[in-house]
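> Got a structure for you, written out below as structure tokens; questions coming shortly.
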Amino acid sequence: AQKVTQAQTEISVVEKEDVTLDCVYETRDTTYYLFWYKQPPSGELVFLIRRNSFDEQNEISGRYSWNFQKSTSSFNFTITASQVVDSAVYFCALSPLGGGTSYGKLTFGQGTILTVHP
Amino acid sequence: GAGVSQSPSNKVTEKGKDVELRCDPISGHTALYWYRQSLGQGLEFLIYFQGNSAPDKSGLPSDRFSAERTGGSVSTLTIQRTQQEDSAVYLCASSLLPNSNQPQHFGDGTRLSIL
């Protein structure tokens, strides 16, 4: 069974603060993918990043960065110099990599509501 | 359009009625997924299609739920004899290939309210 835990239900910050969203996962698969999605108030889930279990290199994209640590089964997401437009619900998700009937099936965490105040 | 299209965007119906939700995936995407987002349960997987077949129906909550996909494109999720606990946002996603190499692209969802 797969499980994703986002311990932070809600986070509130002031603009320009840095914020880190935590994600911890459980899986028996030896190979898998990890994802982050953003859900703004409009409701659509927007893909942010995918990492495979082979690659533990951290990644940076503009103000966003991701820290994948297989040893602690964590895939944390940091927003640097947060902006009001970053306000959304952020979901971490896990998917098997490889064969089987559950190709691509995403198991989501409960989501973290991020509010950035001006 | 270029994205995943779902209709209707909102549906309000009385308990006991049947409802049909439609998903039009991105052109050329062979994999199609249905998820449900509700307050109590978060985002849950319902069913996965590869082409017109459904290798994984493990997430369908009861036999009142069914889904089909025709022509490898449009999919319909049907809920029979709706119950209040079926109230949720139903999200559809598609991806180019039926494996985890390609990220899933989501539609805006159908907000279903059962009175």
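Protein chains in written order, with my numbering: chain Y, 1 to 118; chain F, 119 to 233.
We put the beta carbon where it would ideally sit given N, CA and C, even for glycine.
Keep in mind the model is a prediction, meaning the values are calculated, not measured.
By DSSP's criteria, Pro143 of chain F is part of a beta bridge. Which residues make up the other side?
Residue mapping note: residue 143 of chain F aligns to position 25 of the second sequence, counting from 1. The partner list for Pro143 of chain F (beta bridge, DSSP) is empty, contrary to what the question assumes.
> Measuring only the C-alpha atoms, how far is Arg50 of chain Y from Pro221 of chain F?
As a first step, residue 50 of chain Y must be located in the first sequence, where it is residue number 50. As a first step, residue 221 of chain F must be located in the second sequence, where it is residue number 103. Between Arg50 of chain Y and Pro221 of chain F, the C-alpha separation is close to 7 Å.
> I'd like to know whether the C-beta of Leu164 of chain F is nearer than 7 Å to at least one C-beta of chain Y.
Reading the second sequence from its first residue, position 46 is the one you call residue 164 of chain F. So no, Leu164 of chain F is outside the interface.
> So the beta strand (DSSP E) Phe54 of chain Y belongs to, where does it begin and stop?
As a first step, residue 54 of chain Y is located in the first sequence; it is residue number 54 there, counting from the start. Careful: Phe54 of chain Y lies outside any beta strand (DSSP E) and carries neither H nor E.
> Output yes if chain Y places a C-beta closer than 7 Å to the C-beta of Gly169 of chain F; else output no.
Locating residue 169 of chain F in the second sequence gives position 51, where the first residue counts as 1. No, its Cβ sits nowhere closer than 7 Å to a Cβ of chain Y.
> DSSP three-state label for Asp86 of chain Y, please.
Numbered from 1 along the first sequence, position 86 holds the residue referred to as residue 86 of chain Y. Three-state DSSP puts Asp86 of chain Y in a helix.
> Could you check if Ile60 of chain Y is buried or exposed, using at least 16 other CB atoms within 10 Å of its CB as the buried criterion?
Here residue 60 of chain Y refers to the residue found at position 60 when the first sequence is read from its first residue. The residue is exposed, with fewer than 16 neighbouring Cβ atoms inside 10 Å.
> Distance, Cα to Cα, Ser171 of chain F vs Tyr151 of chain F?
Stepping through the second sequence from its first residue, residue 171 of chain F is reached at position 53. Stepping through the second sequence from its first residue, residue 151 of chain F is reached at position 33. In a straight line, the C-alpha of Ser171 of chain F is about 12 Å away from that of Tyr151 of chain F.
> Does DSSP classify Glu15 of chain Y as helix, strand or coil?
The sequence position of residue 15 of chain Y within the first sequence is 15, counting from 1. Secondary structure of Glu15 of chain Y (DSSP, three-state): coil.
> Strictly under 7 Å for the Cβ-Cβ distance: is Gly160 of chain F near chain Y by that measure?
Position 42 of the second sequence holds residue 160 of chain F. Yes, Gly160 of chain F counts as interfacial toward chain Y.
> Apart from the five residues on each side of it in sequence, which residues of its chain come closer than 8 Å, Cβ to Cβ, to His117 of chain Y?
Here residue 117 of chain Y is taken as the residue at index 117 of the first sequence, counted from 1. The answer, listed in chain order, is Ser12, Val13, Val14, Glu15, Val84.
> Where in the region 120-171 of chain F do unbroken runs of the beta strand (DSSP E), each at least 3 residues long, occur, reported from the N-terminal end onward?
123-125, 128-131, 137-142, 149-156, 160-168
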